[in-house]
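**Student:** Would you mind keeping the following structure in view while I ask a few things?
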Amino acid sequence: MAAVLVIGAGVAGLGSALALSQRGHQVVVVERDTTSVPDSPDAAFEQWERRGAPQVRHSHAFLARLRNLLRDRAPDVLQHLLEAGASEVRFVDQPPVTLEDRQPRPGDEDLVALACRRTTFEWVLRRDTLAAGNVRLVEASVDRLLSDGTGPGGVPNVVGVGWAGGGELRADLVIDASGVRSPLPRWLAAIDAAPVAEKEKDTGIVYSSRFYRLLAGQELPVQEGPVLGDLDYLKYAVFVGDNRTFSITFGLHAGDSELRQLLRPDPFTVAAESLPGLRPWIHPTRCEPITGVEVMARLVNRRRRFVNAGRPVATGIFAVGDSAICTNPLYGRGCSLAMVHAYLLADVLEEHPRDPMEAALAFAAVTRDEIEPWYTAAVAQDRQNRTGLDIPLRDDLPSDAPSSDDSLGDDEEQDQPVDAQTMRSIMRDGLLPAAGTDPIVYRAFLRAFNLLDQPNAIMADADVVGRVLAAWQMRDQRPPPPRLGPDREEMLRILLRAAAA
Ligand SMILES: Cc1cc2nc3c(=O)[nH]c(=O)nc-3n(C[C@H](O)[C@H](O)[C@H](O)COP(=O)(O)OP(=O)(O)OC[C@H]3O[C@@H](n4cnc5c(N)ncnc54)[C@H](O)[C@@H]3O)c2cc1C
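Each residue of the sequence shown is one higher than the last, beginning at 853 in the working numbering.
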């Protein structure tokens, strides 16, 4: 069994530690945030210092792919999440009222997501992972990789990590799970590894979330309008939490300076009250806010590749989760992908226990096949979302260094049989209405949304495509869908009036 060092105790790091400990490896997780684990989910939300992962106090969706992975490979963790207050969201138990055939179908048992706060998810995952006798946590902020020179393939071989003050730990292999701000390409360059091929695309959004708790005697509202909507200038969603909490999130365009006021509590509330889907949730007799408005900007889609011209840039080091592939949080996929990635790595290491070169190549291949398509999909979705809108966007951030690996073909610029504007119309005026009425499209949509199928699965299914296009061709014959809320000008007037009152 190997001695494994994991950098970062977020979802990817803990997931990796859990998956590897289940196979008997000895794991040390090194985490820069030094507060101890609080003793309850509420204390975790209120007190846990997580500067290294500030998104933990934003709304998080935990998709069916993640819930099913826990069900199948870590059932204790799933059970402990439910005991800590998380709930399972069975999509097909509450189908849209417009769905033509509401009978259950095979596979429906997989269409179940998890609802809880991100801090609760991580609290349970950390406790369960550390409860395994073969996982230990060390508090330190890693600042370098240790290498013993070139390994068998003539590339640097990583044998440990170091941190400020001279601390070092050695291991058979190192996993970087230090999140979206991981400096792994720089650490690798410092041990003379070949450049990492990196692509980064600005999402162009700012994310703002506020959490609420139900007052005594109150329950979640019977939903009257959609809890998730896209007004073009503003995206919104409600997330059910655990222990009588829920949260509301707005995604607004980073360049929209007039709407930036939504990042303050009063305008945030006024905007939420103006949306029929949100109004019943935040009535002051129902709940009270338990946070201010949490804000995160400079959100990116990014992918890194660690194989250069058919050779890994280094052996003994693996990047998992956001450190490797990071996607727009709007789509709610990051934790699911991080956990899936962690288990894929454990599988690869089981298959290649003694050949670091083969393990590196196999992990790169499986990452490219299973995880990277979601980066490509997120970039394409972002492009569709921006189509027709006048949204200032930071230029694509500079790539660290392109490498010949990029010549393998890329991703988001290819395979666009239809232009973005038409695609957006097909999604909005074909897929969404069809998913509301046709049981086959409904399930295909839910499976894609929950990462149960690859992102191109809908477009690859001739039956589903036929149904979507039929709905799209009828778009002018249908009455317009109910308004989700005010348009942008109206919203600005509402905010102005409220500010003057
Ligand atoms: C605003 C926002 C909303 C999101 N919403 C969702 C959602 O709804 N659903 C979803 O699935 N995903 C969502 N995501 C994405 C999700 O949060 C990430 O994909 C996920 O956290 C990735 O896990 P990770 O372990 O790779 O990184 P992280 O969870 O960020 O963990 C990285 C860990 O590494 C530690 N670390 C960093 N540097 C060092 C170092 N040098 N030494 C030691 N430790 C270090 C950090 O302290 C941290 O604990 C959202 C993200 C954002 C920003």
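The beta carbon of each residue, even a glycine, is placed where N, CA and C say it ideally should be.
Bear in mind the structure is a predicted one, so any value in this text is a computation, not a measurement.
For R909, which residues from the same chain have a beta carbon less than 6 Å from its beta carbon, with the 5 sequence-adjacent residues on both sides left out?
**Tutor:** Counting only Cβ-Cβ distances below 6 Å, and skipping sequence neighbours, we find E1146.
**Student:** Are the beta-carbon atoms of A1195 and A854 separated by less than 8 Å?
**Tutor:** The displayed chain sequence assigns Tyr, not Ala, to residue 1195. Cβ atoms of Y1195 and A854: not closer than 8 Å.
**Student:** Is A1312 close to chain C, meaning its C-beta is less than 8 Å from at least one C-beta of that chain?
**Tutor:** In the structure shown, chain C cannot be found, because there is only a single protein chain.
**Student:** Scan the segment 1273–1299 and note each continuous alpha helix (DSSP H) run of 4 residues or more that stays entirely inside, going in chain order.
**Tutor:** Segments of the alpha helix (DSSP H) lying fully in the segment 1273–1299: 1284–1289.
**Student:** Hey, how far is the Cα of W1039 from the Cα of R1156?
**Tutor:** So the alpha carbons of these two residues sit roughly 14 Å apart.
**Student:** Name the one or two DSSP bridge partners that N1153 has.
**Tutor:** Bridge partners of N1153: K1053.
**Student:** Can you check which of these residues, F943, E935, G904, is closest to D980 by C-alpha distance?
**Tutor:** It is E935 whose Cα lies nearest to the Cα of D980.
**Student:** With respect to 7 Å, is the separation between the Cβ of R1238 and the closest non-hydrogen atom of ligand 1 below this value?
**Tutor:** R1238 Cβ: outside cutoff for every heavy atom of ligand 1.
**Student:** Compare the Cα-Cα distances from L1348 to each of P1119, L1298, T1097 and report the closest residue.
**Tutor:** Of the listed residues, the one whose Cα sits closest to L1348 is P1119.
**Student:** For the beta strand (DSSP E) containing E1020, name the first residue and the last one.
**Tutor:** Segment 1019–1022, the beta strand (DSSP E) holding E1020.
**Student:** On the criterion of 16 or more Cβ atoms from any shown chain inside 10 Å, does D891 qualify as buried, or is it exposed?
**Tutor:** Exposed, because fewer than 16 other Cβ atoms sit within 10 Å of the Cβ of D891.
**Student:** Which word fits R1246, buried or exposed, when buried means at least 16 other C-beta atoms lie within 10 angstroms of its C-beta?
**Tutor:** With a pLDDT of only 43 at R1246, under the threshold of 50, the placement of this residue in the model should not be trusted; the figure read from the coordinates follows. Label assigned to R1246: exposed.
**Student:** What number of angstroms, rounded off, separates the C-alpha of P1136 from the C-alpha of E1210?
**Tutor:** Straight-line Cα distance between these residues: approximately 59 Å.
**Student:** Measure the CB-CB distance between A1230 and N1302 and report whether it falls below 8 Å.
**Tutor:** No, Cβ-Cβ distance for A1230 and N1302 is not below 8 Å.
**Student:** With a cut-off of 8 Å on the beta carbons, I'd call C1178 and V1032 a contact; round off their distance for me.
**Tutor:** About 5 Å; that satisfies the 8 Å criterion.
**Student:** Give the list of continuous alpha helix (DSSP H) stretches no shorter than 4 residues that lie fully inside the segment 931–1006.
**Tutor:** Entirely contained in the segment 931–1006, the alpha helix (DSSP H) runs reaching 4 residues are, in chain order, 970–983.
**Student:** So, at 7 Å on beta carbons, what are the nonlocal neighbours of P1333 in its own chain, with the 5 sequence-adjacent residues on each side left out?
**Tutor:** Cβ neighbours of P1333 beyond the five flanking positions: none.
**Student:** Once the 5 residues before and after D1267 are set aside, which same chain residues still bring their CB inside 7 Å of it?
**Tutor:** Summary for D1267: the model assigns pLDDT 49, below 50, so the residue's position carries little reliability, and this model does not support an answer.
**Student:** Between the segment 1199–1218 and the segment 1160–1178, do at least 3 Cβ pairs fall closer than 8 Å?
**Tutor:** The segment 1199–1218 is in contact with the segment 1160–1178.
**Student:** In the structure shown, what three-state DSSP assignment does V1172 receive?
**Tutor:** Coil, per DSSP.
**Student:** Exposed or buried, M1343, counting other C-beta atoms within 10 Å across all chains shown (16 or more means buried)?
**Tutor:** By the 10 Å Cβ count, M1343 comes out buried.
**Student:** With DSSP as the reference, label P893 as helix, strand or coil.
**Tutor:** Residue state, collapsed to three classes: helix.
**Student:** Hey, could you find the ends of the beta strand (DSSP E) V856 is sitting in?
**Tutor:** Unbroken beta strand (DSSP E) run through V856: 855–859.
**Student:** Looking at ligand 1, does it come within less than 7 Å of G1093, judged from the CB to the closest heavy atom?
**Tutor:** Every heavy atom of ligand 1 is 7 Å or more from the Cβ of G1093, so no.
**Student:** Name the DSSP beta bridge partners of P1164, please?
**Tutor:** Paired residues: V1159.
**Student:** Give me whichever residues DSSP pairs with C1139 in a beta bridge.
**Tutor:** Note: C1139 sits in a beta bridge opposite L1066.
**Student:** Among residues of its own chain, excluding the 5 on either side of P1164, which ones have a beta-carbon nearer than 8 Å to its beta-carbon?
**Tutor:** Excluding sequence neighbours, P1164 sits near G1005, V1007, F1158, M1209, A1212, L1213, A1216.
**Student:** Can D885 be considered in contact with ligand 1, in the sense that its beta carbon sits closer than 7 Å to one or more heavy atoms?
**Tutor:** Answer for D885: yes, Cβ within range of ligand 1.
**Student:** Our contact map puts L1197 next to L1021 with C-beta atoms below 8 Å; I'd like the distance itself, whole angstroms only.
**Tutor:** That belief does not hold up - the Cβ atoms of L1197 and L1021 are roughly 19 Å apart, past 8 Å.
**Student:** Rounded to the nearest angstrom, what separates D1082 and E974 at their Cα positions?
**Tutor:** Roughly 29 Å between the two C-alpha positions.
**Student:** Closer than 7 Å to a non-hydrogen atom of ligand 1 - does that hold for the CB of H1105?
**Tutor:** Answer for H1105: no, Cβ out of range of ligand 1.
**Student:** Put I1100 into one of helix, strand or coil per three-state DSSP.
**Tutor:** I1100 falls in the strand class under three-state DSSP.
**Student:** Whole angstroms is fine: what's the gap from G1003's alpha carbon to D1044's?
**Tutor:** For G1003 and D1044, the distance between alpha carbons rounds to 12 Å.
**Student:** So what does DSSP say about M1148, is it helix, strand or coil?
**Tutor:** Strand.
**Student:** Drop a sphere of 10 angstroms on the beta-carbon of V1048, count the other beta-carbons inside from all chains shown, and report buried for 16 or more, exposed for fewer.
**Tutor:** It counts as buried.
**Student:** The beta strand (DSSP E) spanning L848 covers which residue range?
**Tutor:** It is not possible to answer for residue 848, since the shown part of the chain is limited to 853 through 1353.
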